[in-house]
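Reviewing the structure listed below.
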Amino acid sequence: MVEVKSCLKSTHFFGPEVFPLYLLVVVESISSSSSTCSSSTVVVVELVVIIIVVVVVVVVVVVVYAAVVVILIVAVAVVVIVVVAVVLVQPASNSFIATTVRLSESNSM
């Protein structure tokens, strides 16, 4: 990794402190200036780029999938709660109203 960082530093494009952010651009710069870096170093840097890109893509896909699953679970839970509340509250309110009407009729007689 020391060889890779010194190779990146020798390109005078970006310093090693921004190594992860501009790696693709730096690799292009290294490829064009092959006199300062050995070909094995360029291959190592390109492999690191491929690995970083694959890891980032996998992490993004997993995070998006997890977010979609959580949203679906919350939506289903809300629908179930609303349906259960409507089913449980409706008969109770109807029987309460019917009981109240019956009591008021019996009191009026």
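Heads up: the sequence shown begins at 4 in the working numbering, then just goes up one per residue. Even for Gly, the Cβ is constructed at its ideal location relative to N, Cα and C.
Go ahead and label Val72 buried or exposed: buried means 16 or more other beta carbons lie within 10 angstroms of its beta carbon, across all protein chains shown.
-> exposed
Where Val66 and Ile54 are concerned, what is the direct C-alpha to C-alpha distance, given to the nearest angstrom?
-> 18 Å
Count the other CB atoms within 10 Å of the CB of Val48; is the residue buried (16 or more) or exposed (fewer)?
-> buried
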